[in-house]
Amino acid sequence: MGNSLRVLISHLEYVEPILCGMLIFFLVRSKAARQFSYLVALLCVRLGCSLICLPLLYFCARGIERHMAYQAYFYVYWTSYALEAILSLLVIYSIFKLAMAPLKGLQTLGMLIFRWVAAISVAVAIGVAVTPHLTGIHFMIAMITQLQQTSSILTLCLLLFVCFAIRPMGLSYNSRIFGVSLGLGILATVSLVDAAWLTHSPNMYSTISLVNGLAVGITLLMWSAYFAFPEPKRRIIVLPTTSPFLRWNQISMALGDDPGFVAVGGIPPELFAPAELEVMRRASAKMTPALETPVGMHSLSA
Amino acid sequence: MKTIIRAFVAVLVLSGAVATTQTSSASTQNKVDVARTSMLPIPSCPPDDPNACGMADGR
Chain A
924 MGNSLRVLIS
934 HLEYVEPILC
944 GMLIFFLVRS
954 KAARQFSYLV
964 ALLCVRLGCS
974 LICLPLLYFC
984 ARGIERHMAY
994 QAYFYVYWTS
1004 YALEAILSLL
1014 VIYSIFKLAM
1024 APLKGLQTLG
1034 MLIFRWVAAI
1044 SVAVAIGVAV
1054 TPHLTGIHFM
1064 IAMITQLQQT
1074 SSILTLCLLL
1084 FVCFAIRPMG
1094 LSYNSRIFGV
1104 SLGLGILATV
1114 SLVDAAWLTH
1124 SPNMYSTISL
1134 VNGLAVGITL
1144 LMWSAYFAFP
1154 EPKRRIIVLP
1164 TTSPFLRWNQ
1174 ISMALGDDPG
1184 FVAVGGIPPE
1194 LFAPAELEVM
1204 RRASAKMTPA
1214 LETPVGMHSL
1224 SA
Chain B
9 MKTIIRAFVA
19 VLVLSGAVAT
29 TQTSSASTQN
39 KVDVARTSML
49 PIPSCPPDDP
59 NACGMADGR
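Given below as structure tokens:
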């Protein structure tokens, strides 16, 4: 790889914390930090990782022994990566929840399915990593790899859903929910391409680093633009009565209802309060003549 | 505009799907083959790499 590209990558590293800081500022200023709290947490992890890793990269050729610097860099980088993999799942979850907010029934059903898929993904990630020859750091890397790939695939599924079902949810392409989903989709795709690339080229400074840098830069700038400008209001959702969204929403709302319970027998009188017993005694006293009346009529007719 | 955005999303998803098929399982290899999308260089060698993964070369 050319020397100029190396220099470009080494300069690009310093841009990421600046962009992250700028985006956090815009999120807080637009009062969207609470709504997108997991995204803020994700950005804070990235910012923290950059603030630790950049001095290591800078000083590795200027005093710190390079093997020691690489080990520290390796563990900080992959620890933040593991945190990001978990936070990415939570970001997708929160975005789905926000996108489906007007359709409460589908939101509840979708979140239930999402939780199951996430739990199965984690179980599969652990299951894939549990092999006899994988221990310690290799076990962790194998598990995180699988988790990250699952998270990337889930992100792309979310992006597809938000993109093609944007109208029934009252969103537009200017909505922050779409912007965040698109950015996450770009990062997920680049991450999957990276994983395929690195199988062939295990070096810290390769062309893929430049692609990574550009993808992250574009995504962070795009998110900054979405949060720097006011968001257009959600449209009123008008669905035809035959819409499957409406039908499924009604069905999903009915699915979550708690059933009522009726006591049919075996109830000891001590369970009732004295006032309740009194009410029942009076009610039965009123009902007794009414029950006896047909008998009387029967005797008269006889 | 709508078509362009939908086409872009479709390209992203297809690229991701193709890349997934090209990724060999990390459990079968004793090296790092996963990437966190970041501007920082990826430490793709084991932590005890004798060359420190070329860390000082890029400086």
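In order, the protein sequence lines correspond to chains A and B.
If you use the numbering used here, the first sequence closes out at 1225, no skipped numbers anywhere.
If you use the numbering used here, the second sequence closes out at 67, no skipped numbers anywhere.
From the three backbone atoms N, C-alpha and C, an ideal C-beta is built for every residue, glycine too.
Just so it is clear, the structure is predicted and the values come from calculations on it, not from any experiment.
Reduced DSSP secondary structure (H/G/I, E/B, other) of residue i
{"i": "Gln958/A", "result": "coil"}
{"i": "Glu988/A", "result": "coil"}
{"i": "Glu1007/A", "result": "helix"}
{"i": "Gly1093/A", "result": "coil"}
{"i": "Ala60/B", "result": "helix"}
{"i": "His1221/A", "result": "Bear in mind that a pLDDT of 48 at His1221/A, under 50, signals an unreliable position, so the model cannot answer this."}
{"i": "Lys1156/A", "result": "coil"}
{"i": "Thr1054/A", "result": "coil"}
{"i": "Met1023/A", "result": "coil"}
{"i": "Pro978/A", "result": "helix"}
{"i": "Met47/B", "result": "coil"}
{"i": "Ser1017/A", "result": "helix"}
{"i": "Ser1075/A", "result": "helix"}
{"i": "Cys53/B", "result": "coil"}
{"i": "Ser973/A", "result": "helix"}
{"i": "Cys1080/A", "result": "helix"}
{"i": "Cys967/A", "result": "helix"}
{"i": "Ser933/A", "result": "helix"}
{"i": "Ser1104/A", "result": "helix"}
{"i": "Ser1207/A", "result": "helix"}
{"i": "Ser1114/A", "result": "helix"}
{"i": "Ser1044/A", "result": "helix"}
{"i": "Ser927/A", "result": "helix"}
Short CB-CB distance (under 8 Å) between residue i and chain A
{"i": "Thr11/B", "result": "no"}
{"i": "Ala27/B", "result": "yes"}
{"i": "Ala15/B", "result": "no"}
Alpha helix (DSSP H) segment containing residue i, residue limits
{"i": "Val1187/A", "result": "Looking at the DSSP string, Val1187/A is not in any alpha helix (DSSP H), and its letter there is neither H nor E."}
{"i": "Arg952/A", "result": "938-952"}
{"i": "Pro1167/A", "result": "1167-1178"}
{"i": "Thr11/B", "result": "10-30"}
{"i": "Ala1088/A", "result": "Segment: none, Ala1088/A is in no alpha helix (DSSP H) and carries neither H nor E."}
{"i": "Leu1162/A", "result": "That residue, Leu1162/A, is in no alpha helix (DSSP H); it is neither H nor E in DSSP."}
{"i": "Leu1194/A", "result": "Leu1194/A -> no alpha helix (DSSP H), and no H or E assigned at all."}
{"i": "Ile1131/A", "result": "1130-1151"}
Contact with chain B by residue i, beta-carbon distance below 8 Å
{"i": "Ser1011/A", "result": "no"}
{"i": "Asn1135/A", "result": "yes"}
{"i": "Gln1072/A", "result": "yes"}
{"i": "Ser1141/A", "result": "The amino acid at residue 1141/A is misidentified as Ser; the sequence shows Ile. So no, Ile1141/A is outside the interface."}
{"i": "Glu939/A", "result": "yes"}
{"i": "Cys967/A", "result": "no"}
{"i": "Leu1107/A", "result": "no"}
{"i": "Val1014/A", "result": "no"}
{"i": "Ser1132/A", "result": "yes"}
{"i": "Thr1112/A", "result": "yes"}
{"i": "Glu936/A", "result": "yes"}
{"i": "Arg989/A", "result": "yes"}
{"i": "Leu970/A", "result": "no"}
Contact belief for residue i with residue j at Cβ below 8 Å, rounded distance in angstroms
{"i": "Leu1032/A", "j": "Ser1166/A", "result": "About 16 Å; that fails the 8 Å criterion."}
{"i": "Thr1073/A", "j": "Ser1114/A", "result": "So it is not a contact: roughly 12 Å between Cβ atoms."}
{"i": "Leu1228/A", "j": "Leu1082/A", "result": "Residue 1228/A is absent from the model: chain A starts at 924 and stops at 1225."}
{"i": "Leu965/A", "j": "Leu20/B", "result": "The Cβ separation is near 19 Å, so there is no contact."}
{"i": "Glu936/A", "j": "Met47/B", "result": "5 Å"}
{"i": "Leu946/A", "j": "Ala1022/A", "result": "At roughly 20 Å, the Cβ-Cβ gap does not stay under 8 Å, so Leu946/A and Ala1022/A are not in contact."}
{"i": "Phe1150/A", "j": "Phe949/A", "result": "4 Å"}
Residue i CB to nearest heavy atom of the ligand FAD below 7 Å
{"i": "Ala1046/A", "result": "With respect to the ligand FAD, the structure offers nothing, as it holds no ligand at all."}
Closer than 8 Å to chain C by CB, residue i
{"i": "Leu1115/A", "result": "Structure shown: chain C not included; protein chains present are A and B."}
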